[in-house]
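Going by our numbering, the sequence shown opens with residue 16, and the numbers climb by one from there.
Ideal placement from N, C-alpha and C gives every residue a C-beta, glycine not left out.
The model shown is predicted, which means the values in this text are computed figures rather than measured ones.
Taking it in order: structure first as structure tokens, then the write-up.
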Amino acid sequence: MADFFCKNCGFKATSVAFLTGHPCSNHSLGPNKGKCELYEGGQKKQYTCKYCGFKSASIAGLAYHPCTRHPKGANKGKCSPAL
Ligand SMILES: [Zn+2]
Ligand SMILES: [Zn+2]
Numbered sequence: 016m017a018d019f020f021c022k023n024c025g026f027k028a029t030s031v032a033f034l035t036g037h038p039c040s041n042h043s044l045g046p047n048k049g050k051c052e053l054y055e056g057g058q059k060k061q062y063t064c065k066y067c068g069f070k071s072a073s074i075a076g077l078a079y080h081p082c083t084r085h086p087k088g089a090n091k092g093k094c095s096p097a098l
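Now the structure itself:
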């Protein structure tokens, strides 16, 4: 069975419906201020930030990392996995 991951916190679920109904601990509006969002890139060995190129073996490791090239400014937001 395929696993689905949240692109903001790395939360893993076995269905998209369950994932998108789960409060996100790393939502862009603040912790638990919104629901998890589906990462559409599929499962990878390594994830790369679409802004700064930071690499991590897990979405969570990347999504909690302060981004040096975030659109809002350096370290004003977290890294975001490229698809
Ligand atoms: Zn989430
Ligand atoms: Zn980054």
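One alpha carbon belongs to A75, the other to L44, and they sit about 17 angstroms apart.
Inclusion of A78 and N41 in the CB contact set at 7 angstroms is warranted, their separation being smaller than that value. A32 sits in a helix when the DSSP states are folded into three classes.
Taking C-alpha positions only, F26 is separated from T35 by approximately 10 angstroms. In the three-state reduction of the DSSP assignment, L44 falls in the coil class. Around the beta carbon of S30, fewer than 16 other beta carbons sit within 10 angstroms, so the residue counts as exposed. Ligand 1 has no heavy atom closer than 6 angstroms to the beta-carbon of F33.
Under DSSP, S71 takes part in a beta bridge, and its partners are Y62.
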